[in-house]
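A.B. asks: Sharing a structure here in structure tokens format.
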Amino acid sequence: MWVWLSVCSALLLGLYDVAKKQSLKKNGVLWILLGSTALTTLFLCPFLSAGSLNDHLRLMFKAVLVSSSWISGLQALKYLPLTTASTIKASRPLFVVFFSIIIFGERLNVAQWAGVVLVLGALFLLSRSSKQEGIHFAQNKGIVMMVISVLTGSASALYDKHILKAMEPLFVQSWSNLYITVILAVFLLVNYLCDRKNFKGFRFDWMIVLIAVLITVSDAVYFFALKDETALLSVISMIRRSSVVITFLFGAFVYKEQNIKSKARDLAILLSGIALLLFGSC
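What follows is the structure, encoded as structure tokens:
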């Protein structure tokens, strides 16, 4: 069951990434994050229940990790083509796999290690094809932001596995979103106070409502999948990153982005690596 929950989460996550890219046309990064997260918190209000101080401190730390990942990830989308950003984001499971081995004692077999090598190779090829669009991995601001997003997102995934051993999924999701909303609101207020003249106000966009719905359901099924005692974090993370297929297709056919053929090759190699990881986990 946890495998199919992960597949459902991946599908919704891909649509969520596309909706975020679309919403940047009307609002800034922070407004999108704050609006969608506040709505998600509203959806999850019925699940806000009492917990210990230690539990809440853990969830506050998780909120910091998630906020950092989201802000840097959306900033990266402003500077990078969707196809490039989504493929870099797909490298996140690699870090999860490595640290799952160290922290949770998970072990990779030959097929899984072959998958890791393929994913790394795909990212290297992507860096070469992206230079044709003037995107240099070592210098581009969007690349730096996306790397920060990947690292903090990986840390958050590992932390999820840890805290869900002692907490219920909806308790984690509801309180985490509340704390994330507070962090984003404070961050936005600081931006306003520092630069009132250039500060842009919020413009209502139905796309933000869609973002909130997609991430609420995607995260819910992800947490329930991770709660399963037989679930492997490394496998779940790989399945979720297959959402890159959806964002790639939208980037290619809707946004008409460049170098699709070379990026399609890179994506095919990356997905082959993910397939080997899944095959080796069966």
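Quick note on numbering: the numbering used here labels position 100 of the sequence shown as 100, and the sequence is numbered without any gaps.
We put the CB at the ideal spot given by N, CA and C, even for glycine.
From a predicted model like this one, the values you see are computed outputs, not experimental measurements.
Around the C-beta of lysine 197, are 16 or more other C-beta atoms found within 10 angstroms, so that it is buried, or is it exposed?
C.D. replies: Position 197 of the sequence shown, counted from the first residue, corresponds to residue 197. By the beta-carbon neighbour count (other beta carbons within 10 angstroms, threshold 16), lysine 197 is exposed.
A.B. asks: Does DSSP put phenylalanine 204 in a helix, a strand or coil?
C.D. replies: Stepping through the sequence shown from its first residue, residue 204 is reached at position 204. The answer is coil: DSSP assigns phenylalanine 204 none of H, G, I, E or B.
A.B. asks: The alpha helix (DSSP H) spanning arginine 241 covers which residue range?
C.D. replies: As a working mapping, residue 241 is identified with position 241 in the sequence shown. Where arginine 241 is concerned, the enclosing alpha helix (DSSP H) stretches over 233-241.
A.B. asks: So, with DSSP's three-state summary, where would you put leucine 30?
C.D. replies: The residue given as residue 30 occupies position 30 in the sequence shown. Leucine 30: helix per DSSP, three-state reduction.
A.B. asks: Please report the distance separating the alpha-carbon of valine 172 from that of valine 182.
C.D. replies: The residue you call residue 172 lines up with position 172 of the sequence shown. The residue you call residue 182 lines up with position 182 of the sequence shown. Answer to the nearest angstrom: the Cα atoms are 16 angstroms apart.
A.B. asks: Would you kindly work out how many angstroms separate the C-alpha atoms of methionine 238 and phenylalanine 202, rounded to a whole number?
C.D. replies: The residue you call residue 238 lines up with position 238 of the sequence shown. The residue you call residue 202 lines up with position 202 of the sequence shown. Using only the alpha carbons, I get a separation of about 35 angstroms.
A.B. asks: Looking at glycine 251: is its Cβ nearer than 8 angstroms to the Cβ of glycine 115?
C.D. replies: Numbered from its first residue, the sequence shown carries residue 251 at position 251. Numbered from its first residue, the sequence shown carries residue 115 at position 115. It is not a contact, given that the beta carbons lie outside the stated cut-off.
A.B. asks: My output table needs one value for leucine 164: the three-state DSSP class, helix, strand or coil.
C.D. replies: By one-based count along the sequence shown, residue 164 stands at place 164. It is coil, neither helix nor strand.
A.B. asks: Figure out for me which residue from Trp206, Leu80 and Ile148 has the closest Cα to the Cα of serine 23.
C.D. replies: As a working mapping, residue 23 is identified with position 23 in the sequence shown. Comparing Cα positions, the closest option is Trp206.
A.B. asks: Check for me: the alpha helix (DSSP H) holding leucine 5 runs from which residue to which?
C.D. replies: For the purposes of this step, residue 5 is taken as residue 5 along the sequence shown, with counting starting at 1. Leucine 5 -> alpha helix (DSSP H) spans 2-23.
A.B. asks: Given serine 49, which residues of its chain have a CB within under 7 angstroms of its CB, disregarding the five upstream and five downstream residues?
C.D. replies: Here residue 49 is taken as the residue at index 49 of the sequence shown, counted from 1. Listed in chain order, the non-local C-beta contacts of serine 49 below 7 angstroms within the same chain comprise Phe171, local neighbours out to five positions each way being set aside.
A.B. asks: Inspect the CB distances between the segment 1-9 and the segment 218-226 and report whether three or more fall short of 8 angstroms.
C.D. replies: Contact holds between the segment 1-9 and the segment 218-226, because three or more Cβ pairs, one in each stretch, are under 8 angstroms apart.
A.B. asks: Would you list, in sequence order, the uninterrupted alpha helix (DSSP H) runs of no fewer than 4 residues that lie entirely inside the segment 57-121?
C.D. replies: Note on the segment 57-121: whole alpha helix (DSSP H) runs with a minimum of 4 residues are 82-89 and 92-104, in chain order.
A.B. asks: Do isoleucine 208 and glycine 28 have their beta-carbon atoms positioned less than 8 angstroms apart in this structure?
C.D. replies: Locating residue 28 in the sequence shown gives position 28, counting from the first residue. Locating residue 208 in the sequence shown gives position 208, counting from the first residue. Their beta carbons are not under 8 angstroms apart, which means glycine 28 does not touch isoleucine 208 by this criterion.
A.B. asks: Can you list, in chain order, the residues of its chain whose CB lies under 7 angstroms from that of alanine 185, leaving out five sequence neighbours each side?
C.D. replies: Here residue 185 refers to the residue found at position 185 of the sequence shown. Contacts found: Leu34.
A.B. asks: Can you tell me whether DSSP reads arginine 196 as helix, strand or coil?
C.D. replies: Start at 1 with the first residue of the sequence shown, and residue 196 comes out as number 196. In this structure, arginine 196 counts as coil in the three-state DSSP scheme.
A.B. asks: Buried or exposed: which applies to lysine 25, given that a residue is buried once 16 or more other Cβ atoms fall within 10 Å of its Cβ?
C.D. replies: Position 25 of the sequence shown, counting from 1, holds the residue named residue 25. Answer is exposed; the Cβ neighbour count stays below 16.
A.B. asks: Which one of Ala38, Trp175, Leu151 and Arg241 has the shortest CA to CA distance from isoleucine 274?
C.D. replies: Translated into the one-based positions of the sequence shown, residue 274 becomes position 274. If we check each option's Cα against that of isoleucine 274, Arg241 comes out closest.
A.B. asks: Apart from the five residues on each side of it in sequence, which residues of its chain come closer than 7 angstroms, Cβ to Cβ, to valine 18?
C.D. replies: The residue given as residue 18 occupies position 18 in the sequence shown. Closer than 7 angstroms at the Cβ level, and outside the excluded window around valine 18, lie Ile246, Thr247 and Phe250.
A.B. asks: In this structure, does DSSP put glycine 142 in helix, strand or coil?
C.D. replies: Counting from one through the sequence shown, the residue named residue 142 turns up at place 142. Three-state DSSP puts glycine 142 in a helix.
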